[in-house]
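This report refers to the structure that appears directly beneath it.
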Amino acid sequence: MKNHRFKKLVAASVVASISTFLATQAMAITAPAAGSFGYEAYNFLVTTILKGPFGAIAAILLFLITIMLLVKQQMVPGLICLTAAIVLINVSNMVTALGAIY
Numbered sequence: 003m004k005n006h007r008f009k010k011l012v013a014a015s016v017v018a019s020i021s022t023f024l025a026t027q028a029m030a031i032t033a034p035a036a037g038s039f040g041y042e043a044y045n046f047l048v049t050t051i052l053k054g055p056f057g058a059i060a061a062i063l064l065f066l067i068t069i070m071l072l073v074k075q076q077m078v079p080g081l082i083c084l085t086a087a088i089v090l091i092n093v094s095n096m097v098t099a100l101g102a103i104y
């Protein structure tokens with residue numbers, strides 16, 4: 003039973019590594035040009051809200067909530083808030099890297 007599980011893990015690792023080495027192109031975008039489809043939505047959501055003062059204040063509040071939750075020894079909600087704060091800080095890089103189209 004244990005040997006069968008190990009063989010499945012090795013096979014999955016081999017498939018994952020082969021597919022990683024065979025990848026040839028990353029699908030990432032730059033910000034849409036002014037006047038193109040979805041520019042207003044992208045500009046408002048990413049530039050104004052997430053990368054602006056609203057995103058910075060939200061990230062600071064999430065860090066403060068994380069500290070409060072970790073002091074109260076509520077680890078799972080604290081780690082979720084910490085992850086959300088880190089994602090909020092790095093959202094501009096993530097939008098470009100994921101190739102999200104607005």
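This note's numbering puts the first residue of the sequence shown at 3, with every later residue one more than the last. Where a beta carbon is used, it is the ideal one built from N, C-alpha and C, also for glycine.
Residue i to residue j span [Cα, whole Å]
| i | j | result |
| --- | --- | --- |
| Ala36 | Thr98 | 17 Å |
| Thr49 | Lys9 | 47 Å |
| Ile67 | Gly80 | 7 Å |
| Ala60 | Leu84 | 12 Å |
| Ala43 | Leu72 | 36 Å |
Span of the alpha helix (DSSP H) around residue i
| i | result |
| --- | --- |
| Asn5 | 4-24 |
| Gly54 | Here Gly54 belongs to no alpha helix (DSSP H), and DSSP marks it neither H nor E. |
| Ala87 | 77-91 |
| Ala43 | 41-44 |
Cut-off 8 Å between Cβ atoms - residues of its own chain near residue i, not counting five sequence neighbours on either side
| i | result |
| --- | --- |
| Val93 | Val48, Leu52, Lys53, Gly57 |
| Ala18 | none |
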